[in-house]
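Protein sequence lines correspond, in order, to chains W and S.
188 is the number that the working numbering gives to position 175 of the first sequence; each next residue is one higher, with no gaps.
111 is the number that the working numbering gives to position 109 of the second sequence; each next residue is one higher, with no gaps.
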Amino acid sequence: MPSADSESPTKPVEDSASRVDDDIAVGFDLAFQRRWWRFEFAVWTVFTTLVVLAMFGCFGRGHFAKARTAAHDGSLDVQYDRIERFGSPSVVTVTFGPRAIHGGKAQLWVSESLMNALGNQRVVPQPVEAILGDGGILYTFAATKPPATAEFALQPRAVGGANLQLRVPDSETVNARIFVMP
Amino acid sequence: MAPVLRAIFGYCFLILIVRIAGRRPGKQMTPFELVLIFFIGGCTLTAMVGDDRSLTNAVIQIVSIALTHLVIIWAKGRSAVFGRIVDGTPLVLMDHGKWHTETMNRMRIQGNDVIAMARDQGFAALDRIEYAILERNGEISIIPKSQE
Chain W
14 MPSADSESPT
24 KPVEDSASRV
34 DDDIAVGFDL
44 AFQRRWWRFE
54 FAVWTVFTTL
64 VVLAMFGCFG
74 RGHFAKARTA
84 AHDGSLDVQY
94 DRIERFGSPS
104 VVTVTFGPRA
114 IHGGKAQLWV
124 SESLMNALGN
134 QRVVPQPVEA
144 ILGDGGILYT
154 FAATKPPATA
164 EFALQPRAVG
174 GANLQLRVPD
184 SETVNARIFV
194 MP
Chain S
3 MAPVLRAIFG
13 YCFLILIVRI
23 AGRRPGKQMT
33 PFELVLIFFI
43 GGCTLTAMVG
53 DDRSLTNAVI
63 QIVSIALTHL
73 VIIWAKGRSA
83 VFGRIVDGTP
93 LVLMDHGKWH
103 TETMNRMRIQ
113 GNDVIAMARD
123 QGFAALDRIE
133 YAILERNGEI
143 SIIPKSQE
């Protein structure tokens, strides 16, 4: 009958674990452990910083993330989140000024980044007309007199920076620089 | 591509969190610590799955995690340093009647934890113990004093 040694390869047992008091093999490495504890402290510091920044909205959905911009001629006021999160819903609110409403309607041109990077899901109220062209969409809303507000529900589908441009025809363009977090 | 990267990131991030959160004696895991583990897992799952709830996505992510796990095990076998980073090293908590206070404080382990584990392993008093060692899996090994 063949011995067990001839059936499977073997090698001598080597006790490489460091010993405590030259007595017990533990594999104890206090120098490594102290380096690890320093690393742990650094990680906890980073985590604490992240939580504090998140509470202030530095990663979206907070005070720091909220932004507002307006056309100098008073035609448009835009409230948006300068920091968005990938796949998370948010709202861009556009308030039309007196100069934007003519003949019972308000028109708004929006750059196509609204659809592409920022993933526009719906517009409230429903526009009377939406015309594609000039690198964006020209929406026409039924409107009487200011204040008049339209909302765009977003759900970003691309990570990184996006430049949202809005303007009332024949008025100043409003730029909203938005960063989408992963 | 994105589901695979999300799965690998989620797995590695969880390893880091569990490693950083520190070892506690496994048999003494409190409900609070159980909640922590399940809650972290649940939060990670949401980001990993995203809006893709398909069976395809689930299979891809499970396979990605399994492969990542295999790679980490392979790397641990190839590099002792990497093994120590992922698993840590055993730590001596007590030897010859002396507590290693720096280790115990850093690992957030108290004398009562060691005494409880000693009782669990059949030791009535600390004076019958030569060494108490916090193992990599969170267990505390008790080595009795040799009979002379």
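Idealized CB from N, CA, C, for every residue including glycine.
All values reported here derive from a predicted model rather than from experimental measurement.
Discussion item. Below 9 Å on C-beta distance, what does glycine 100/W contact in chain S?
Written reply: To locate residue 100/W, count along the first sequence from 1; it is residue 87. The contacting residues are Gly52 and Asp53.
Worksheet item: For leucine 89/W versus valine 187/W, is the C-beta spacing smaller than 7 Å?
Response: Position 76 of the first sequence, counted from the start, is the residue given in the question as residue 89/W. Position 174 of the first sequence, counted from the start, is the residue given in the question as residue 187/W. For leucine 89/W and valine 187/W, yes; Cβs fall inside 7 Å.
Fill in: phenylalanine 154/W - DSSP class collapsed to helix/strand/coil
Within the first sequence, residue 154/W is the residue found at index 141, counting from 1. Three-state DSSP puts phenylalanine 154/W in a strand.
Worksheet item: Count the other CB atoms within 10 Å of the CB of histidine 102/S; is the residue buried (16 or more) or exposed (fewer)?
Response: Looking up residue 102/S in the second sequence gives position 100. By the neighbour-count rule (16 or more Cβ atoms within 10 Å), histidine 102/S is buried.
Fill in: Option nearest glutamate 125/W by Cα separation, candidates Gly87/W, Leu151/W and Ala166/W
Here residue 125/W is taken as the residue at index 112 of the first sequence, counted from 1. Of the candidates Gly87/W, Leu151/W and Ala166/W, the one whose C-alpha sits nearest the C-alpha of glutamate 125/W is Leu151/W.
Worksheet item: Roughly how many whole angstroms lie between the Cα atoms of cysteine 14/S and serine 81/S?
Response: Working through the second sequence from its first residue, we reach residue 14/S at position 12. Working through the second sequence from its first residue, we reach residue 81/S at position 79. Near 18 Å, if we compare the C-alpha coordinates of serine 81/S and cysteine 14/S.
Worksheet item: Starting from glycine 12/S and walking both ways along the alpha helix (DSSP H), at which residues does that stretch end?
Response: Taking the second sequence and counting its residues from 1, one reaches residue 12/S at position 10. Glycine 12/S -> alpha helix (DSSP H) spans 4-23.
Worksheet item: Looking at the unbroken beta strand (DSSP E) that takes in leucine 177/W, where does it start and where does it end?
Response: Here residue 177/W corresponds to residue number 164 of the first sequence, with the count starting at 1. Taken as a continuous stretch (DSSP letters only), the beta strand (DSSP E) holding leucine 177/W covers 173-180.
Worksheet item: When Cβ atoms are compared, which residues of the stretch 105-138 of chain S fall closer than 7 Å to chain W?
Response: Arg108, Tyr133 and Ile135
Discussion item. By the DSSP assignment, the beta strand (DSSP E) with glutamate 142/W in it spans what residues?
Written reply: Against the first sequence, residue 142/W aligns to sequence position 129. Run containing glutamate 142/W: 142-146, per the beta strand (DSSP E) assignment.
Discussion item. Within 8 Å, do at least three Cβ pairs link the stretch 158-168 of chain W to the stretch 91-110 of chain W?
Written reply: yes
Item to complete: Pull up the DSSP beta-bridge partners for proline 146/S, would you.
Response: To locate residue 146/S, count along the second sequence from 1; it is residue 144. Answer is Ile131/S, bridged to proline 146/S.
Item to complete: Write down the C-beta distance between valine 107/W and leucine 63/W rounded to the nearest angstrom, noting that I regard them as a contact closer than 8 Å.
Response: The residue you call residue 107/W lines up with position 94 of the first sequence. The residue you call residue 63/W lines up with position 50 of the first sequence. Rounded, the Cβ-Cβ distance is 33 Å, inconsistent with contact.
Fill in: Partners in chain S for phenylalanine 45/W, counting only beta-carbon separations shorter than 7 Å
Position 32 of the first sequence, counted from the start, is the residue given in the question as residue 45/W. Here the neighbours are Arg86 and Thr91.
Worksheet item: Within the 7 Å Cβ cut-off, does arginine 53/W reach chain S?
Response: Position 40 of the first sequence, counting from 1, holds the residue named residue 53/W. Checking the sequence, you will find glutamate at residue 53/W rather than arginine. Taking Cβ atoms only, chain S reaches closer than 7 Å to glutamate 53/W, which makes this a yes.
Discussion item. Applying the 10 Å Cβ sphere with the 16-neighbour rule, what's the burial state of methionine 3/S?
Written reply: Taking the second sequence and counting its residues from 1, the one referred to as residue 3/S is at position 1. By the neighbour-count rule (16 or more Cβ atoms within 10 Å), methionine 3/S is not buried but exposed.
Item to complete: Please go through the same chain and pick out, in chain order, the residues whose beta-carbon is closer than 6 Å to the beta-carbon of glycine 75/W, but skip the five residues on each side of it.
Response: Start at 1 with the first residue of the first sequence, and residue 75/W comes out as number 62. Counting only Cβ-Cβ distances below 6 Å, and skipping sequence neighbours, we find Phe69.
Worksheet item: When you compare each of His98/S, Leu93/S and Asp89/S to asparagine 107/S by their alpha carbons, which one comes out closest?
Response: For the purposes of this step, residue 107/S is taken as residue 105 along the second sequence, with counting starting at 1. Measuring from the Cα of asparagine 107/S, the nearest candidate turns out to be Leu93/S.
Fill in: First through last residue of the beta strand (DSSP E) which encompasses phenylalanine 52/W
Sequence index remark: in the first sequence, residue 52/W carries index 39 (1-based). Per DSSP, phenylalanine 52/W belongs to no beta strand (DSSP E); it is in the alpha helix (DSSP H), 43-68.
Practice prompt. Could you tell me the distance, in whole angstroms, from the CA atom of proline 146/S to the CA atom of aspartate 115/S?
Written response: Residue numbering aside, residue 146/S sits at position 144 when the second sequence is read from its first letter. Residue numbering aside, residue 115/S sits at position 113 when the second sequence is read from its first letter. Computed Cα separation, rounded: 17 Å.
Worksheet item: Using 7 Å as the limit for Cβ to Cβ distance, is valine 56/W near chain S?
Response: On the first sequence, residue 56/W is found 43 positions in, with the first residue counted as 1. Yes - at least one Cβ of chain S is within 7 Å of the one on valine 56/W.
Discussion item. Please return the same chain residues whose Cβ sits closer than 6 Å to the Cβ of tyrosine 133/S, not counting the five positions on each side in sequence.
Written reply: On the second sequence, residue 133/S is found 131 positions in, with the first residue counted as 1. Excluding positions up to five away in sequence, the list reads Asp97 and Ile145.
Discussion item. Looking at the secondary structure, which residues open and close the beta strand (DSSP E) in which methionine 109/S lies?
Written reply: Looking up residue 109/S in the second sequence gives position 107. Looking at the DSSP string, methionine 109/S is not in any beta strand (DSSP E), and its letter there is neither H nor E.
Worksheet item: Taking the alpha-carbon positions, what's the glycine 90/S to valine 6/S distance?
Response: Working through the second sequence from its first residue, we reach residue 90/S at position 88. Working through the second sequence from its first residue, we reach residue 6/S at position 4. Spanning the two alpha carbons is a distance of roughly 27 Å.
Worksheet entry | Closest residue to leucine 128/S among Phe84/S, Asp122/S, Ile117/S and Arg138/S (Cα-Cα distance) | Against the second sequence, residue 128/S aligns to sequence position 126. The option with the nearest alpha carbon to leucine 128/S is Ile117/S.
Item to complete: Please confirm whether isoleucine 10/S and serine 66/S have their CB atoms less than 7 Å apart.
Response: Residue 10/S sits at position 8 when you count from the first residue of the second sequence. Residue 66/S sits at position 64 when you count from the first residue of the second sequence. For isoleucine 10/S and serine 66/S, yes; Cβs fall inside 7 Å.
Discussion item. Just to confirm my understanding: we take glutamate 142/W, look at its own chain, exclude 5 residues before and 5 after, and list those with CB closer than 6 Å. What are they?
Written reply: Position 129 of the first sequence, counted from the first residue, corresponds to residue 142/W. Once the five neighbours on either side are set aside, the close Cβ partners of glutamate 142/W are Thr153.
Fill in: Inter-residue spacing [alpha-carbon to alpha-carbon] between glycine 87/W and glutamine 139/W
Here residue 87/W refers to the residue found at position 74 when the first sequence is read from its first residue. Here residue 139/W refers to the residue found at position 126 when the first sequence is read from its first residue. Near 23 Å, if we compare the C-alpha coordinates of glutamine 139/W and glycine 87/W.
Worksheet entry | chain S residues whose Cβ lies nearer than 7 Å to that of tryptophan 50/W | Translated into the one-based positions of the first sequence, residue 50/W becomes position 37. By Cβ distance, chain S contributes Arg108.
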